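In the numbering used here, the protein residues as written are 174 to 362.
Below: one structure, written as C-alpha cells.
Below, the structure written as C-alpha cells:
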C-alpha cells in the first residue's frame with residue numbers, strides 16, 4: 174500500500190495526486206535519469222518492459238517522454254512504428270475529410286462536441302434548417318447511422334457516420350473545416 178497504509182495514503186487531500194499515472198511516469202523519468210547518471214551510463218539506451226498496466230505505463234512513457242527510452246516491449250501491446258502511426262493518423266484525418274490542421278486532440282474533441290451539443294438542442298420531430306439542414310429527430314438519425322454500420326465497422330467509422338448527420342446531412346460537403354464557426358460562437362471563448 175502506498176504511504177504505508179490506506180489511512181495514511183488518504184490522510185490529506187494531496188496524497189492521492191501522487192497515485193496517478195501521470196505522477197508514476199514522472200517518477201520513472203527521475204529514477205531512470207538518476208540511475209543512468211549514478212551508474213555512469215548516460216549513453217546507454219533504455220528499453221521499457223511491462224505487461225498489463227505496466228505495459229500501458231511503458232507505452233505512455235514512450236509517447237510522453239520519447240527521449241528517455243528507445244522502445245517498449247509488451248506481450249499484449251500492439252506497437253506501431255512512428256511511420257505506421259503517422260499513416261494511421263493521416264488516414265483517420267483523411268477519412269473524416271478534415272480540412273486544416275489538428276493542433277491538439279482538443280480540436281477534434283471540440284468539433285465533435287459542438288455537433289452533439291447542437292444536435293441535442295435542435296432534436297425536434299420536424300426537419301429544420303435552423304442551424305443547418307437537419308432531419309426530423311436528428312439524434313435518432315445519428316444513433317441509427319451509428320448502429321446501422323456493418324458488423325466489424327470500426328469506432329472511427331461509426332463516429333463519422335453519426336456526426337455526418339449534423340455536418341453533412343445534405344451530402345454536399347466535400348471536406349469539414351474544424352475552424353468553421355457558422356453560428357458566430359467563437360466570440361464567447
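All C-beta atoms, glycine included, are put in the ideal place defined by N, C-alpha and C.
Bear in mind the structure is a predicted one, so any value in this text is a computation, not a measurement.
query, result
"If you compare alpha carbons, which of 238, 224, 230, 312 is closest to residue 197?", "230"
"From residue 224 to residue 239, what does the alpha carbon distance come to, in whole angstroms?", "19 Å"
"Can you tell me whether residue 299 is helix, strand or coil according to DSSP?", "coil"
"Can you tell me which residues form a DSSP beta bridge with residue 220?", "244"
"Looking at the structure shown, is residue 344 part of a helix, part of a strand, or coil, going by DSSP?", "coil"
"Of all the options 213, 294, 348, 203, which has the alpha carbon lying nearest to the alpha carbon of residue 312?", "294"
"So, using beta-carbon positions, are residue 307 and residue 298 closer together than 8 Å?", "no"
"Measuring alpha carbon to alpha carbon, tell me which residue in 202, 332, 336 is nearest residue 292.", "336"
"Between which two residues does the alpha helix (DSSP H) containing residue 229 stretch?", "226–237"
"Count the other C-beta atoms from every protein chain shown that fall within 10 angstroms of the C-beta of residue 288, then say buried if there are 16 or more, exposed otherwise.", "buried"
"May I ask you to report which of helix, strand or coil DSSP gives residue 185?", "coil"
"Helix, strand or coil for residue 307, going by three-state DSSP, please let me know.", "strand"
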